[in-house]
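S.K.: I have a structure here, written as structure tokens, and I will follow up with some questions on it.
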Amino acid sequence: MTELALDKRTLPDRSTVVGWLQNYGVYLGLAVLLLFNVFFTDHFVSGENFRTQAVQVSPVLIVALGMALAIGTEGIDLSVGAVMALATSITSLYLGYGPWLALVAALVGGAVIGLAGGSLIAFVGVQPIVATLALMVGGRGIALVLLPQLKDVRDPAMATLGSGSVAGVPYLALIAATLALIVGFVVRRTTFGRRLLAIGDSRPAAQLAGLPVHRVLITVYVCSGVLAAVAGFLATARLQASDPSSLGNLMELSAITAVVVGGTPLTGGRVRIGGTVAGAVLIQLLTATLIKHDLPSSWTQIAQAVVIVLAVYAARERGKR
Amino acid sequence: MPSTKEHPAAAGRTAPAPGDPARRGDRVAALAQRHGALAALVVLAAVASLSFDSFATGDNLGNIAISSSFLATVALGMTFVIVSGGIDLSVGSVFVLGGVLAAWGSQYGTVVALLLPLVVCAAIGLVNGLLVARTGLAPFIVTLASMLAARGLMLAITDEGADTFLVNPDSVFASLGQGKLLGIGTPVWITAVLFVGGAVLLRSTRFGQRVYAVGGNEQAAALMGAPVARTKVSVYTLSGLLAGLAGALNAAYLASGVTILGYGMELDAIAAVVIGGTLLTGGLGYVSGSLVGVLLLKVIQNVINQIGSLDSAYQQVVSGAFLVLVVVAQTWLARRRRVG
Chain H
1 MTELALDKRT
11 LPDRSTVVGW
21 LQNYGVYLGL
31 AVLLLFNVFF
41 TDHFVSGENF
51 RTQAVQVSPV
61 LIVALGMALA
71 IGTEGIDLSV
81 GAVMALATSI
91 TSLYLGYGPW
101 LALVAALVGG
111 AVIGLAGGSL
121 IAFVGVQPIV
131 ATLALMVGGR
141 GIALVLLPQL
151 KDVRDPAMAT
161 LGSGSVAGVP
171 YLALIAATLA
181 LIVGFVVRRT
191 TFGRRLLAIG
201 DSRPAAQLAG
211 LPVHRVLITV
221 YVCSGVLAAV
231 AGFLATARLQ
241 ASDPSSLGNL
251 MELSAITAVV
261 VGGTPLTGGR
271 VRIGGTVAGA
281 VLIQLLTATL
291 IKHDLPSSWT
301 QIAQAVVIVL
311 AVYAARERGK
321 R
Chain X
1 MPSTKEHPAA
11 AGRTAPAPGD
21 PARRGDRVAA
31 LAQRHGALAA
41 LVVLAAVASL
51 SFDSFATGDN
61 LGNIAISSSF
71 LATVALGMTF
81 VIVSGGIDLS
91 VGSVFVLGGV
101 LAAWGSQYGT
111 VVALLLPLVV
121 CAAIGLVNGL
131 LVARTGLAPF
141 IVTLASMLAA
151 RGLMLAITDE
161 GADTFLVNPD
171 SVFASLGQGK
181 LLGIGTPVWI
191 TAVLFVGGAV
201 LLRSTRFGQR
211 VYAVGGNEQA
221 AALMGAPVAR
231 TKVSVYTLSG
241 LLAGLAGALN
251 AAYLASGVTI
261 LGYGMELDAI
271 AAVVIGGTLL
281 TGGLGYVSGS
291 LVGVLLLKVI
301 QNVINQIGSL
311 DSAYQQVVSG
321 AFLVLVVVAQ
331 TWLARRRRVG
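Residue numbers (full-length UniProt numbering), protein chains in the order written: chain H, 1 to 321; chain X, 1 to 340.
See the structure below:
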């Protein structure tokens, strides 16, 4: 860990094949998987299938965007699954007042959890993994207190949002893509983005340089909470139901996987949003491929485990370079 | 994940001279950190026995003890891992896998029912340890992957969770889970023995010293000649082994390998260890504290069940809030001790 911390600022050597692979391996993997499916999977190349995949990947991707920010600061956010559950509970409770109010209320719920996590991390100095773990346990509890059991959502606007599309592209995928562009812009082009990466590089150095470390950290976790809440709201619209006991279960793992597979190092200081998008799609496509070839879901989990370890192993080599 | 590790115990050694008020504060902080959970447990138990007639009955306490024993066994292994500066997220899945393997193996006799889960689960721990120690991958990620892999393996064995293997209730294996000795369930006795052994192992053996040293400051431990990699491999193997054993005992107790229990158990185990005064940054921790942490979580759960009108969801809220409180207090105490 310490050796990584010393060298992690070094960018990978782009001139070698290995360096290239480590940087763009996720895109290569995605291309290989796509080609495999085009040739060997029946009914793969169809608008309907692409739409299904895009809709399924959207919530994971949105959560992964927030996770990428947290990981960029050398943190982690385990509370995202619980925030999705909280968002779906709040959505159900407030839907009677109209979908917009329900959305706002859900976002506020996510922001509050993010604020709590960010404050614990920034002001109290609790490790991110512990702070967000406590919120993960408590957050799902709150979601279940608010809405003890599954509830159907009957709202025409929500139905349109969940299953509608414009020019063949599902709303969910459009929203996810837009959010990815925004987060990518924020990371690359704004002061906030630069500060976030500086904190991930070295928090003491950022502090010495006079950066508003606390404010940036809190903003990052609030962003992660709000994005997870958006994902929870959209998932509610897609499923036409609120199920706080199962929605978002293990979502933190999928999101971390997408971020890590996409080439963002867990040691902070670098965030790759394009890679995160590709990582999320890769995991989704891997799952879909295994299912379409009649491999049981147990294999999906084992395959996912192998992909995680390989991706992090590659990232480690990159970090050491 | 801080890259430089602060070691509160080490800072305590350079504290001011005896009699200095700063040092007394230091000692109070140390006491609070070590025994805060025990005090909370005593108070909670006292309040619960005064408030509910049904709390301090033999049956109820027996139930708390039994349901604590499985989590406690898992938390014991987790304590070693966390003291060494790591974390093991795979224990929940390994627990379930151990239970399923034990229930399946019980048809071939008690030896198979016990050995199969122990060997397989220790092997998963071994792989975790090797990956962590030899490749330098973050423990968090390695054990996250093995959590998925162990669950995948469990699903593969049980035909995607459709098969439930039953334990013959008359078998010797079942009596390991359901038997009683002096009115106390066998799993409780087994757990008690494991904890005594674990405490001795961590406090009084060279291996235990190495676990503390590796968690306190890995570089320093390596410079002093401690076998860092071997120590890490050992703690993860131990954690896998204990999680598998807990799963097997649970299967014997329930007379079946239940495929849906145990998820999220890693979080309960981590919570118990942290509540018990073990620092997540490694290098400082107590086996006894983890036991107190488990009991505290289970008593909270029991009390919430006793208040019949409260939904079990509140248990998660209370556990989460409690965890936040403990972690904030611990961070504050650790910082205070550094300053002192």
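Note that beta-carbon positions come from the ideal geometry of N, C-alpha and C, so glycine has one too.
Between which two residues does the alpha helix (DSSP H) holding X/S68 run?
M.R.: Start at 1 with the first residue of the second sequence, and residue 68 of chain X comes out as number 68. Start and end: G58 to V83.
S.K.: For H/V281, which residues in the same chain have their Cβ closer than 7 Å to its Cβ, ignoring the five residues on either side in sequence?
M.R.: For the purposes of this step, residue 281 of chain H is taken as residue 281 along the first sequence, with counting starting at 1. L30 and V57, listed in sequence order.
S.K.: Given that H/Y94 touches chain X, what residues does it touch there, using C-beta distances under 7 Å?
M.R.: Stepping through the first sequence from its first residue, residue 94 of chain H is reached at position 94. Residues of chain X passing the Cβ test: none, with the nearest at roughly 19 Å.
S.K.: So that I know if they touch, is there some Cβ in chain H lying closer than 7 Å to that of X/A156?
M.R.: As a first step, residue 156 of chain X must be located in the second sequence, where it is residue number 156. Output row for X/A156: interface = yes.
S.K.: Just checking my contact of X/T164 with X/S256 at CB under 8 Å: how many whole Å lie between their CB atoms?
M.R.: Translated into the one-based positions of the second sequence, residue 164 of chain X becomes position 164. Translated into the one-based positions of the second sequence, residue 256 of chain X becomes position 256. With 8 Å as the limit, X/T164 and X/S256 qualify as a contact, their Cβ atoms being about 6 Å apart.
S.K.: Ignore the nearest five residues each way along the sequence and tell me which others in X/Y314's own chain have a CB closer than 7 Å to its CB.
M.R.: Translated into positions along the second sequence, residue 314 of chain X becomes position 314. I304, listed in sequence order.
S.K.: What separation, rounded to the nearest whole angstrom, lies between the Cα atoms of X/V228 and H/P265?
M.R.: Numbered from its first residue, the second sequence carries residue 228 of chain X at position 228. Numbered from its first residue, the first sequence carries residue 265 of chain H at position 265. Each residue's alpha carbon lies about 24 Å from the other.
S.K.: How far does the alpha helix (DSSP H) with H/S119 in it reach, from first residue to last?
M.R.: As a first step, residue 119 of chain H must be located in the first sequence, where it is residue number 119. Per DSSP, H/S119 belongs to the alpha helix (DSSP H) from P99 to S119.
S.K.: State the start and end residues of the unbroken alpha helix (DSSP H) segment that holds H/H214.
M.R.: Walking along the first sequence from the start, residue 214 of chain H turns up at place 214. From DSSP, the alpha helix (DSSP H) with H/H214 extends over V213 to L239.
S.K.: Let me see if you follow: with CB-CB separation under 7 Å, is X/G276 close to chain H or not?
M.R.: As a working note, residue 276 of chain X is residue 276 in the second sequence. Answer no: the Cβ-Cβ gap between X/G276 and chain H never drops below 7 Å.
S.K.: Which residues, in chain order, does the stretch 252 to 272 of chain X contribute to contact with chain C at a C-beta distance below 9 Å?
M.R.: As a matter of chain content, chain C is missing from the structure shown, whose protein chains are H and X.
S.K.: Mapping the DSSP letters down to three states, classify X/I184 as helix, strand or coil.
M.R.: Start at 1 with the first residue of the second sequence, and residue 184 of chain X comes out as number 184. The answer is strand: DSSP assigns X/I184 an E or B state.
S.K.: In angstroms, rounded to a whole number, what distance separates the CA positions of X/K180 and X/G244?
M.R.: Looking up residue 180 of chain X in the second sequence gives position 180. Looking up residue 244 of chain X in the second sequence gives position 244. In a straight line, the C-alpha of X/K180 is about 22 Å away from that of X/G244.
S.K.: Quick check on this structure: which residue in X/G208, X/F173 and X/F195 has the alpha carbon closest to the alpha carbon of X/A252?
M.R.: The residue you call residue 252 of chain X lines up with position 252 of the second sequence. Out of X/G208, X/F173 and X/F195, X/F173 has the C-alpha closest to the C-alpha of X/A252.
S.K.: Going straight from the alpha carbon of X/R151 to that of X/A271, what length do you get?
M.R.: For the purposes of this step, residue 151 of chain X is taken as the residue at position 151 of the second sequence. For the purposes of this step, residue 271 of chain X is taken as the residue at position 271 of the second sequence. So the alpha carbons of these two residues sit roughly 22 Å apart.
S.K.: Quick one: what does DSSP say H/T191 is sitting in, helix, strand or coil?
M.R.: Taking the first sequence and counting its residues from 1, the one referred to as residue 191 of chain H is at position 191. DSSP places H/T191 in helix when its eight states are reduced to three.
S.K.: Within a Cβ cutoff of 7 Å, which residues of the same chain sit near X/D268, ignoring the five residues on either side of it in sequence?
M.R.: For the purposes of this step, residue 268 of chain X is identified with residue 268 of the second sequence, where counting begins at 1. Excluding sequence neighbours, X/D268 sits near L71 and L297.
S.K.: What's the gap between the Cα of H/V230 and the Cα of X/A46?
M.R.: Within the first sequence, numbered from 1, the residue matching residue 230 of chain H stands at position 230. Within the second sequence, numbered from 1, the residue matching residue 46 of chain X stands at position 46. In a straight line, the C-alpha of H/V230 is about 44 Å away from that of X/A46.
S.K.: I'd like to confirm the pairing. Which residues does DSSP put opposite H/K151 in its beta bridges?
M.R.: Along the first sequence, read from residue 1 onward, the residue named residue 151 of chain H stands at position 151. Answer by DSSP bridge pairing, in chain order: H/S242.
S.K.: Nearest to X/V43 by CA position, among X/G208, X/V292, X/L323 and X/V327, is which residue?
M.R.: Along the second sequence, read from residue 1 onward, the residue named residue 43 of chain X stands at position 43. Taking only the C-alpha atoms, the option nearest X/V43 is X/V292.
S.K.: Is the stretch 44 to 58 of chain H in contact with the stretch 188 to 201 of chain H, if contact means three or more CB pairs nearer than 8 Å?
M.R.: No, because fewer than three Cβ pairs between the stretch 44 to 58 of chain H and the stretch 188 to 201 of chain H fall closer than 8 Å, the two stretches do not touch.
S.K.: Give the residues from the stretch 292 to 317 of chain H that approach chain X closer than 7 Å (Cβ to any Cβ), ordered along the chain.
M.R.: Here the close residues are P296, S297, S298, W299, Q301, I302, Q304, A305, I308, V309, V312, Y313 and R316.
S.K.: Please name the residues in the stretch 132 to 144 of chain X whose beta-carbon is closer than 8 Å to at least one beta-carbon of chain H, in chain order.
M.R.: Per Cβ criterion, the list reads T135, G136, L137, A138, F140, I141, V142 and L144.
S.K.: Please state whether DSSP places X/S171 in a helix, a strand or coil.
M.R.: Numbered from its first residue, the second sequence carries residue 171 of chain X at position 171. Three-state DSSP puts X/S171 in coil, outside helix and strand.
S.K.: Please list the terminal residues of the continuous alpha helix (DSSP H) segment that includes X/T231.
M.R.: Along the second sequence, one-based indexing puts residue 231 of chain X at 231. Element bounds for X/T231: V228 to L254.
S.K.: Does the count of Cβ pairs from the stretch 60 to 76 of chain H and the stretch 274 to 293 of chain H closer than 8 Å reach three?
M.R.: As far as the Cβ criterion goes, the stretch 60 to 76 of chain H touches the stretch 274 to 293 of chain H, which means the pair count is three or higher.
S.K.: Tell me whether H/V166 sits in a helix, a strand or coil according to DSSP, three-state version.
M.R.: As a working mapping, residue 166 of chain H is identified with position 166 in the first sequence. Correct three-state label for H/V166: strand.
S.K.: Within 8 Å, do at least three Cβ pairs link the stretch 112 to 128 of chain H to the stretch 206 to 226 of chain H?
M.R.: At 8 Å Cβ cutoff, the stretches touch.
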